[in-house]
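The structure appears right after this line, and notes come after that.
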Amino acid sequence: MTQDTLISKVQKLLRLSTSSNANEAALAAAKAQELIDQHNLSAAMLALDSAEPVDTFDEPILDFEKDGAPLDSQKTQQTWRARLASTVARLNGCRIYLYGGDIGLVGRPTDAEIVRYLYGYLTRETERLTTTSGKGMGTSWRNNFRLGIVDAVTTKLHEMHRAWESTTRAVARADSGMALVRVDRALAQIDKRGESVEAWIKANMKLRKISSQRVQHVSSARSMGRQAGESIKIGGAKSRGIIYLTPLAISGIISTWQTD
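Structure representation (structure tokens):
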């Protein structure tokens, strides 16, 4: 799958969500992330088999804030945006940092493009849902509701990623011991993308720790924001034509890159 094809499929997937509840935001984002993980596995296994650089694994690491292209730019720092950005960036081999009201993004161009699309989609969904549910409510309530949505989306993205890795290893183990070794090497290759970005940041940037903005706690709003996300049962959902990664699909990736 080329990068353009991947971006196109992710865009179509995220456009499937039209419901006015947090369930759809978390579900669509999780499925898009799963599709990205599948693509990265395929690319990593291809790279292991090639003596030449393959796909985007040799792209340069860039500080996009330095080039005037932050991930987000607001008048002031917003905690929910920073938390969401960090989750999406880390799951896709990138890292963020805060600079005033900006969210700086560091990583490879291909990874950064995926981060931008997922983050943009989720922030728009969060604001839309907050506008719908927060009519007549104050700033603290609305901020807590946003954080609740981020809680749900973050949990679901991590759950999906862990489940995807577990299923991938299980399919490889059933296929052959050699397949499992190759899959483990490919997954380690994917993890190194983020680790190398962290090393680049330490070597090239002088960042200092800053305290996150405090948000007055409103438990009812936080709970309402994450309630729908916590009740998602992705494994049993089959609606809206969403693309699901199955053991058969994983097996296809593994068999494609098996050595003769």
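Counting from 1, position 143 in the sequence shown corresponds to residue 197 in the numbering used here; the numbering is continuous, with no gaps. Every residue gets a Cβ at the ideal spot worked out from N, C-alpha and C, and that includes glycine. All figures in this text were calculated on a predicted structure; none of them were measured in a lab.
Got a sec? Which residues, its chain only, sit under 7 Å from residue i by beta carbon, not counting five neighbours each side?
i: residue 124; result: 118, 156, 157, 158, 159
i: residue 139; result: 125, 126, 150, 157, 173
i: residue 195; result: 188, 272, 275
i: residue 184; result: 196, 199, 200
i: residue 141; result: 208, 211
From the options, pick the residue whose C-alpha is nearest to that of residue i; which is it?
i: residue 173; options: 79, 60, 274, 242; result: 79
i: residue 318; options: 208, 121, 183; result: Because residue 318 is not part of the residues shown, which for the chain are 55 to 314, the question remains open.
i: residue 220; options: 139, 206, 241, 278; result: 241
i: residue 96; options: 243, 184, 182, 153; result: 243
i: residue 277; options: 246, 212, 210, 206; result: 206
i: residue 192; options: 66, 61, 274; result: 274
i: residue 161; options: 271, 217, 143; result: 143
i: residue 239; options: 86, 62, 141, 99; result: 99
i: residue 113; options: 132, 148, 212; result: 148
i: residue 121; options: 135, 163, 254; result: 163
i: residue 181; options: 115, 62, 132, 141; result: 132
Which residues bound the alpha helix (DSSP H) around residue i?
i: residue 149; result: Run containing residue 149: none in the alpha helix (DSSP H); it sits in the beta strand (DSSP E), 149-153.
i: residue 118; result: Neither: residue 118 is in no alpha helix (DSSP H) and is coded neither H nor E.
i: residue 202; result: 193-229
i: residue 138; result: 133-144
With respect to the beta strand (DSSP E) encompassing residue i, which residues constitute its N-terminal and C-terminal limits?
i: residue 157; result: 156-161
Who are the Cβ neighbours of residue i in its own chain at under 6 Å, not counting the five residues just before and after it?
i: residue 146; result: 165, 168, 169
i: residue 226; result: 233, 234, 237, 308
i: residue 40; result: With the chain covering 55 to 314 only, the question about residue 40 has no answer from this structure.
i: residue 216; result: none
i: residue 179; result: 79
i: residue 204; result: 134, 137, 138
i: residue 280; result: 202, 205, 206
i: residue 261; result: 151
i: residue 60; result: 93
i: residue 48; result: Because the chain is modelled from 55 through 314, residue 48 falls outside the range shown and cannot be assessed.
i: residue 190; result: none
i: residue 177; result: none
State the beta-bridge partners of residue i as determined by DSSP.
i: residue 126; result: 157
Could you name the residues of the same chain whose beta carbon sits closer than 8 Å to that of residue i, not counting the 5 residues immediately before and after it, in chain order?
i: residue 291; result: In this prediction, residue 291 scores a pLDDT of 33, lower than 50, which makes its location untrustworthy; the coordinate-derived value is nonetheless stated afterwards. Around residue 291: 81.
i: residue 24; result: Shown here, the chain extends from 55 to 314; a query on residue 24 therefore has no answer.
i: residue 246; result: none
i: residue 65; result: 171
i: residue 115; result: 160, 161, 162, 250, 251, 254
i: residue 153; result: 119, 124
Requested in this report: Would you check if there are 3 or more beta carbon pairs closer than 8 Å linking the segment 86-93 to the segment 196-207?
Outcome: Taking a cut-off of 8 Å on C-beta distances, the segment 86-93 does not touch the segment 196-207, as fewer than three cross pairs fall below it.
Query raised in the report: Counting pairs of Cβ atoms below 8 Å between the segment 242-254 and the segment 172-189, do you hit three or more?
Result: Counting Cβ pairs under 8 Å, fewer than three are found: no touch.
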